[in-house]
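*Asks:* Residue numbers (the UniProt record's numbering): 1 to 220.
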Amino acid sequence: MTEPMPEIRSAVSITVDGSEHESRIEMIEGNKLVVTAPMHQTVEVPEIGSAVSLSWSAGPRGRYAVDTKLVSTSRVEGVPTRCWTLTVLSEPVLQQRRRYVRAGGGESVGVRSTERDVMLSGSANDISEGGVRFHVSGVKPGDETWVRLNDDEAVTVVVHLDEEMLDADGWVLRTIEDHITSTVDMIVTLNLVERQAEMVRRYVMRQQILARRTAADADY
């Protein structure tokens with residue numbers, strides 16, 4: 001079965017010469033895609049004919065990716081921003097999610113549904129490139145007074161990582177009610193572009209180093 005292509009206005013990542021950048025689908029005409037030029041970054045425009053990898057979220061399954069070729073960097077009528085026109089060269093391929101190292105705990109977490117006006121907050125149990133698990137504040141198992149987020153519901157996630165703030169898209173993996181500890185946890189899968197993944201990797205590494213130092217000090 002052929003995997004689906006991204007929809008117009010959906011967020012995508014474009015990779016050129018090994019560097020990944022955020023973008024968005026603006027127009028689709030057959031095997032031609034018009035995407036916004038990389039956002040929030042100064043990127044050297046590649047030569048016409050350059051290979052460009054395009055990827056987008058496949059939900060809990062991972063990410064889809066296709067090979068494309070840059071055919072134009074000229075403005076396109078009906079598209080208000082700078083854009084690139086790409087020719088798709090391959091069928092979408094599913095890239096499975098891999099396991100990630102987790103660390104941290106106590107970080108402030110905010111999760112908002114992209115489909116309805118529901119916002120939850122809490123503190124993280126741990127975080128990785130793949131996702132974050134956090135305690136939902138002010139909620140106990142069996143409590144029917146709060147509005148739940150559904151499994152697979154699309155969300156935006158904000159996590160404070162020391163002096164940096166991660167603001168990313170994701171979706172709810174599941175909600176866990178622990179009647180022993182009287183807590184409700186939520187696991188949210190993160191859909192990160194490379195600069196966000198690098199931010200999380202740096203933070204996880206710092207937390208691991210700090211944990212090792214704390215353990216070493218406790219041995220004395």
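Don't be surprised by glycine CBs; every beta carbon is placed ideally from N, CA and C. Note that the coordinates shown come from a computational prediction; the quantities given were computed from them, not determined experimentally.
Taking C-alpha atoms, which residue in SER90, GLU163, SER10 lies nearest to ASN31?
*Replies:* What you label residue 31 is simply residue 31 of the sequence shown in a count that begins at 1. Closest by alpha carbon: SER90.
*Asks:* Which partner residues does VAL34 have in the DSSP bridge list?
*Replies:* In the sequence shown, residue 34 corresponds to position 34, counting from 1. Per DSSP, MET27, THR85.
*Asks:* Can you give the Cα-Cα distance for GLN207 and PRO80, rounded to whole angstroms?
*Replies:* Taking the first residue of the sequence shown as position 1, residue 207 is located at position 207. Taking the first residue of the sequence shown as position 1, residue 80 is located at position 80. So the alpha carbons of these two residues sit roughly 42 Å apart.
*Asks:* Measure the CB-CB distance between MET186 and VAL118 and report whether it falls below 9 Å.
*Replies:* Taking the sequence shown and counting its residues from 1, the one referred to as residue 186 is at position 186. Taking the sequence shown and counting its residues from 1, the one referred to as residue 118 is at position 118. No, the Cβ-Cβ distance between MET186 and VAL118 is not below 9 Å.
*Asks:* Between SER121 and the rest of its own chain, which residues show a CB-CB distance below 6 Å, the 5 nearest in sequence each way excluded?
*Replies:* Within the sequence shown, numbered from 1, the residue matching residue 121 stands at position 121. GLY110, SER137, listed in sequence order.
*Asks:* Would a C-beta distance cut-off of 9 Å place VAL16 and PRO46 closer than the cut-off?
*Replies:* Numbered from its first residue, the sequence shown carries residue 16 at position 16. Numbered from its first residue, the sequence shown carries residue 46 at position 46. Yes, they are a contact pair.
*Asks:* Between which two residues does the beta strand (DSSP E) carrying ARG191 extend?
*Replies:* What you label residue 191 is simply residue 191 of the sequence shown in a count that begins at 1. Per the sequence presented here, residue 191 reads as Asn, with Arg not at that position. Run containing ASN191: 183–191, per the beta strand (DSSP E) assignment.
*Asks:* Buried or exposed: which applies to GLY106, given that a residue is buried once 16 or more other Cβ atoms fall within 10 Å of its Cβ?
*Replies:* To locate residue 106, count along the sequence shown from 1; it is residue 106. Answer is exposed; the Cβ neighbour count stays below 16.
*Asks:* Counting C-beta neighbours from all protein chains within 10 Å, is the total for SER57 16 or more, i.e. buried, or is it exposed?
*Replies:* For the purposes of this step, residue 57 is taken as the residue at position 57 of the sequence shown. It counts as buried.
*Asks:* Quick check on the DSSP output: the beta strand (DSSP E) that includes GLU164 runs from which residue to which?
*Replies:* Counting from 1 along the sequence shown, the entry for residue 164 is found at position 164. Where GLU164 is concerned, the enclosing beta strand (DSSP E) stretches over 164–178.
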